[in-house]
Each structure stands twice: as structure tokens, then as C-alpha cells.
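**Student:**
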């Protein structure tokens with residue numbers, strides 16, 4: 119016990135330092151330390167277009183059951199038809215030919231794997247099997263597992279914590295869940311899956327992008343996308359929330375990479391503007407600043423629980439660097455957001471552009 123106490127003390131100290139890093143501070147004179155050129159960070163990495171597809175109609179959907187533990191319920195006949203329709207040229211949201219994608223992925227659930235397989239068969243690629251990634255699993259319901267979606271209060275309670283995570287409050291727990299304990303745990307496991315898909319690569323299209331398709335679940339897809347993209351569209355999200363987030367075989371398309379971040383391209387066929395506007399842009403800047411110390415603290419606590427000095431040292435080092443980098447990058451991010459908004463207003467006079475920015479900030 120005495121041997122691990124110094125590590126625990128150091129971990130707690132860094133957690134506290136990370137939390138302090140996001141507190142407002144007065145500007146200091148002189149230039150900021152040159153932290154943006156940290157070793158191991160590769161800028162302008164190749165981009166991937168990732169099509170995240172919800173599974174077809176399942177037995178749980180028909181029966182109105184919140185089922186978030188694999189293997190879960192199978193597709194209905196209607197669900198199989200929906201999956202095959204993804205290959206139909208008459209479908210405005212049809213997927214590309216399977217050969218176009220560098221990889222086809224699915225969660226551990228029967229319903230996602232069946233959806234992928236039925237699409238592949240309809241597209242003439244029945245010999246192809248989806249790669250299964252646990253990180254693509256549905257957002258765990260915790261205490262609400264197996265409850266009825268007909269109870270609106272219970273259905274909404276399922277999404278209380280995920281909504282908080284979207285606004286940067288990763289510490290909010292998913293009550294009763296030992297899988298997605300909080301936003302940090304969910305972020306880690308779904309991001310790991312996305313990073314695996316990216317790292318697996320594949321052929322590059324005419325635009326120089328990698329392409330992959332992953333079959334997952336409505337709550338998992340919508341929550342992770344809104345937590346991570348640079349241009350979250352809350353209007354589209356809340357409209358879709360009233361209709362069940364994503365329809366069966368609905369799709370969310372993102373573009374980017376794990377290094378430089380992700381941009382929301384479309385939400386179930388509705389294109390999303392790359393520039394989110396001033397207020398949303400500033401929200402993303404603050405969100406990213408809030409998230410860094412939370413993730414660092416989580417990884418340090420995980421390492422402390424494991425008790426391995428090497429893991430603790432690595433978590434302390436990485437956490438310190440991540441929090442410091444986020445703190446250093448924040449002022450420039452805010453400046454870039456404001457100047458970008460002014461640039462979008464270039465059709466008006468410079469004075470009008472400045473006035474628009476000031477009005478938005480004041481409002």
C-alpha cells in the first residue's frame with residue numbers, strides 16, 4: 119500500500135490541476151508556450167467518409183422494448199426488407215456498392231449484423247462478412263434495460279445522461295450501467311471503434327478520401343456524433359429526437375479523422391452546413407475545453423485502480439499534455455471561430471460583419 123500511495127497522490131494532484139485548467143483566468147503578458155507542435159501529433163491526416171447506419175426494424179422495436187445488451191433481438195421480416203432496400207437504386211439513401219468501402223462493420227448485436235448481411239446479399243456481395251466491433255454497440259440503458267418505450271418518461275430518462283454528454287458534461291452517470299458508466303466510458307469505447315475503422319484504411323476515392331460503412335444503433339450513433347463533430351446541428355437532433363432519433367436504416371454521415379476531428383455531413387439525408395455559425399462554434403470551443411480535463415481525470419482514475427505504475431505514469435503524462443494542449447489551443451480556437459463568422463458575413467460591410475458578431479455574442 120505504501121508503494122502505491124505516491125502514485126495515488128500524484129494522480130489526484132493532476133486531476134485537480136486538470137479541473138483548474140478550465141477555470142477562467144486573467145490574460146498574462148507574453149506569448150503562450152509553444153504547445154501546438156507536440157510530438158506525435160500529425161496534422162492534416164487523410165480524411166475518411168464514415169457512413170453510420172442504424173439497423174433495420176427489430177423485434178424489440180415492434181414490441182417497444184429498450185434492449186441494449188448483446189446479442190439482442192433479431193430483425194423482423196420488415197427489417198430484412200429495409201436492409202435489402204439499402205442496395206436498391208430507387209432508394210434515395212441507398213449505400214454505394216460494397217466494393218467502394220474499405221470496410222463494412224457492425225456491432226455485436228444480431229440486428230446490426232443481419233442488416234449488414236442482408237444489404238451485402240442484396241448488393242451481390244454475399245461472400246463479404248461485416249467486421250464486428252464491440253465499440254459500435256448500443257448505448258447501454260443501465261437501470262432501464264428491458265423497460266417499455268411506451269412509457270415516455272422512461273424512454274426520455276434513457277437519454278438524460280447522453281444529452282448532458284453532448285453539452286460537455288461527461289461526468290453525468292448513466293444510472294445503473296456498468297458498460298457506459300458515464301460520458302467518458304462511452305466516448306472511449308465508441309471512439310476506439312471509429313479509430314479502428316479509420317486505421318484499417320482502404321482504397322482512396324477520387325476526392326482522396328477513405329470510405330467505410332458501420333452498422334450501429336440510434337442512440338449510440340446520434341450521441342457520439344453530437345459529442346464529437348465540429349458542427350453539431352441541435353435543431354436537426356431535437357427534431358429527430360421527437361421522431362425516435364433515427365428511423366430504421368437511417369444514416370448519419372461524418373467526414374474527418376481521429377487527429378483533426380470530424381465534421382457532420384448529413385443526418386438521414388439532410389445536408390448539414392460545415393460552418394455551424396458563431397454561437398455553435400463558440401459552444402464547440404468551450405465543449406472541447408471542458409472535455410479535456412474530464413477525460414484526463416477518467417483515464418488517471420482507471421490507471422490508479424489498475425495499480426500498474428507504468429500505466430499510472432502514462433496516464434499522468436498523457437492527461438497533463440492533453441489538458442495543457444486544450445488550454446493553450448482555446449484562445450486561438452475562439453479567435454478562429456469569431457473571424458470565421460466575420461468572413462461568412464463578407465457580403466456585407468466590415469462594420470456590419472463586426473456588428474453581427476457583437477450582436478450574436480450579446481444575444
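Numbering (our numbering), first residue to last: 119 to 481. Even glycine gets a Cβ: it sits at the ideal position worked out from N, Cα and C. Since the model is a prediction, treat every value here as computed from it, not as a measurement.
List in chain order: all unbroken alpha helix (DSSP H) runs of 4+ residues lying wholly within the region 333-414.
**Tutor:** Correct list: 336-346, 352-359.
**Student:** So what's residue 203 in DSSP terms, helix, strand or just coil?
**Tutor:** Position 85 of the chain shown, counted from the first residue, corresponds to residue 203. Helix.
**Student:** Expressed to the nearest angstrom, what Euclidean distance is found between the alpha-carbon atoms of residue 540 and residue 194?
**Tutor:** Residue numbering for the chain in the displayed model covers 119 to 481; residue 540 lies beyond these limits and cannot be assessed.
**Student:** Pop quiz: residue 260 and residue 232 are said to be a contact at Cβ under 8 Å. What is the actual Cβ separation, rounded to whole angstroms?
**Tutor:** Within the chain shown, numbered from 1, the residue matching residue 260 stands at position 142. Within the chain shown, numbered from 1, the residue matching residue 232 stands at position 114. 25 Å between Cβ atoms; not a contact.
**Student:** I want to know whether the region 395-404 touches the region 442-454 - three or more CB-CB distances under 8 Å.
**Tutor:** Yes, the region 395-404 is in contact with the region 442-454.
**Student:** Less than 8 Å separating the beta-carbons of residue 316 and residue 300?
**Tutor:** Taking the chain shown and counting its residues from 1, the one referred to as residue 316 is at position 198. Taking the chain shown and counting its residues from 1, the one referred to as residue 300 is at position 182. No, they are not a contact pair.
**Student:** Go ahead and pull the three-state DSSP assignment for residue 168.
**Tutor:** Sequence index remark: in the chain shown, residue 168 carries index 50 (1-based). DSSP places residue 168 in strand when its eight states are reduced to three.
**Student:** If you draw a straight line from the alpha carbon of residue 455 to that of residue 399, how long is it in whole angstroms?
**Tutor:** Mapped onto the chain shown, residue 455 falls at position 337. Mapped onto the chain shown, residue 399 falls at position 281. If you take the alpha carbons of residue 455 and residue 399, they lie about 6 Å apart.
**Student:** List the DSSP bridge partners of residue 331.
**Tutor:** Along the chain shown, one-based indexing puts residue 331 at 213. According to DSSP, residue 331 bridges with 169, 222.
**Student:** Distance, Cα to Cα, residue 510 vs residue 273?
**Tutor:** Lying before the first or after the last residue shown, residue 510 is absent from the chain, which here runs from 119 to 481.
**Student:** For the candidate residues 208, 204, 227, whose alpha-carbon lies nearest to that of residue 335?
**Tutor:** Residue numbering aside, residue 335 sits at position 217 when the chain shown is read from its first letter. Closest by alpha carbon: 227.
**Student:** Secondary structure at residue 461, three-state DSSP: helix, strand or coil?
**Tutor:** Position 343 of the chain shown, counted from the first residue, corresponds to residue 461. In this structure, residue 461 counts as helix in the three-state DSSP scheme.
**Student:** Return the bridge partner residues of residue 300 from the DSSP annotation.
**Tutor:** One-based indexing of the chain shown puts residue 300 at position 182. Paired residues: 291.
**Student:** How is the alpha helix (DSSP H) around residue 181 delimited, first residue to last?
**Tutor:** As a working note, residue 181 is residue 63 in the chain shown. Taken as a continuous stretch (DSSP letters only), the alpha helix (DSSP H) holding residue 181 covers 177-181.
**Student:** Would you mind giving the Cβ-Cβ distance between residue 339 and residue 370, rounded to the nearest angstrom? I have them listed as a contact below 8 Å.
**Tutor:** For the purposes of this step, residue 339 is identified with residue 221 of the chain shown, where counting begins at 1. For the purposes of this step, residue 370 is identified with residue 252 of the chain shown, where counting begins at 1. The Cβ separation is near 5 Å, so the contact holds.
**Student:** Contact between the region 306-315 and the region 238-254: three or more CB pairs below 8 Å?
**Tutor:** Judged by Cβ distances under 8 Å, the region 306-315 makes contact with the region 238-254, as three or more pairs qualify.
**Student:** What are the boundary residues of the alpha helix (DSSP H) that includes residue 228?
**Tutor:** Numbered from its first residue, the chain shown carries residue 228 at position 110. Note, residue 228: alpha helix (DSSP H), 228-240.
**Student:** Assess, as a yes-or-no matter, whether the region 414-427 is touched by the region 363-379 under the definition of 3 or more beta carbon pairs within less than 8 Å.
**Tutor:** No contact exists between the region 363-379 and the region 414-427.
**Student:** Can you name, in chain order, every residue of its own chain whose Cβ lies under 7 Å from the Cβ of residue 483, other than the five neighbours on each side?
**Tutor:** Given that the chain is displayed from residue 119 to residue 481, the structure contains no residue 483 and the question cannot be resolved.
**Student:** Residue 428 to residue 214, Cα distance in whole Å?
**Tutor:** In the chain shown, the residue the question calls residue 428 occupies position 310. In the chain shown, the residue the question calls residue 214 occupies position 96. Whole-angstrom Cα-Cα distance: 45 Å.
**Student:** What do you get for residue 139, buried or exposed, if any count of 16 or more other CB atoms within 10 angstroms of its CB means buried?
**Tutor:** Your numbering for residue 139 matches position 21 in the chain shown. Because the pLDDT of residue 139 is 38, which lies under 50, any placement of that residue in the model is unreliable, and the question is left without a value.
**Student:** Just to confirm before moving on: does the CB-CB distance between residue 192 and residue 240 stay below 8 Å?
**Tutor:** Translated into positions along the chain shown, residue 192 becomes position 74. Translated into positions along the chain shown, residue 240 becomes position 122. Their beta carbons are not under 8 Å apart, which means residue 192 does not touch residue 240 by this criterion.
**Student:** Would you list the one or two residues that DSSP bridges to residue 250?
**Tutor:** Locating residue 250 in the chain shown gives position 132, counting from the first residue. 224.
**Student:** Under a three-way DSSP split, which group does residue 309 fall into?
**Tutor:** Here residue 309 refers to the residue found at position 191 when the chain shown is read from its first residue. Residue 309 falls in the helix class under three-state DSSP.
**Student:** Hey, out of 330, 169, 196, 344, whose CA is closest to residue 176's CA?
**Tutor:** Your numbering for residue 176 matches position 58 in the chain shown. Among 330, 169, 196, 344, the Cα nearest to that of residue 176 is on 196.
**Student:** Report the option in 283, 204, 237 whose CA atom is closest to the CA atom of residue 346.
**Tutor:** Indexing the chain shown from 1 puts residue 346 at position 228. It is 283.
**Student:** Specify the secondary structure class of residue 193 as computed by DSSP and reduced to three states.
**Tutor:** The residue labelled residue 193 in the question sits at position 75 within the chain shown. Of the three classes helix, strand and coil, the one that applies to residue 193 here is strand, per DSSP.
**Student:** Are residue 390 and residue 354 closer than 8 Å when you measure CB to CB?
**Tutor:** Against the chain shown, residue 390 aligns to sequence position 272. Against the chain shown, residue 354 aligns to sequence position 236. Their beta carbons are under 8 Å apart, which means residue 390 touches residue 354 by this criterion.
**Student:** Looking only at its chain, what residues have a beta carbon closer than 7 Å to the beta carbon of residue 323, apart from the 5 residues adjacent to it on each side?
**Tutor:** To locate residue 323, count along the chain shown from 1; it is residue 205. Here the set comprises 329.
**Student:** For the putative contact between residue 368 and residue 172, defined by C-beta atoms under 8 Å, what is the C-beta separation to the nearest angstrom?
**Tutor:** As a first step, residue 368 is located in the chain shown; it is residue number 250 there, counting from the start. As a first step, residue 172 is located in the chain shown; it is residue number 54 there, counting from the start. Their Cβ separation, rounded to whole angstroms, is 5 Å, which keeps residue 368 and residue 172 in contact under 8 Å.
**Student:** Would residue 319 be called buried (16 or more neighbouring beta carbons within 10 Å of its own) or exposed?
**Tutor:** Here residue 319 refers to the residue found at position 201 of the chain shown. It is exposed - the Cβ of residue 319 has fewer than 16 other Cβ atoms within 10 Å.
**Student:** Under a Cβ-count criterion, where at least 16 other Cβ atoms within 10 Å of its own Cβ denotes burial, should residue 277 be classed as buried or exposed?
**Tutor:** Indexing the chain shown from 1 puts residue 277 at position 159. Result: buried.
**Student:** Can you tell me which of 337, 285, 247, 223 puts its alpha carbon nearest to the alpha carbon of residue 352?
**Tutor:** By 1-based counting over the chain shown, the position of residue 352 is 234. Checked all of 337, 285, 247, 223; the closest Cα to residue 352 is 285.
**Student:** Excluding the 5 residues preceding and the 5 following residue 280 in the sequence, name in chain order all residues of the same chain whose CB lies nearer than 7 Å to its CB.
**Tutor:** Here residue 280 corresponds to residue number 162 of the chain shown, with the count starting at 1. Excluding positions up to five away in sequence, the list reads 257, 337, 341.
**Student:** Determine the closest residue to residue 170 out of 225, 247, 460, 439, with distance taken between C-alpha atoms.
**Tutor:** Taking the chain shown and counting its residues from 1, the one referred to as residue 170 is at position 52. Considering only alpha carbons, the answer is 225.
**Student:** Which whole-angstrom value is the C-beta distance of residue 349 and residue 393, which I expect to be below 8 Å?
**Tutor:** Within the chain shown, the letter at position 231 stands for residue 349. Within the chain shown, the letter at position 275 stands for residue 393. So it is a contact: roughly 7 Å between Cβ atoms.
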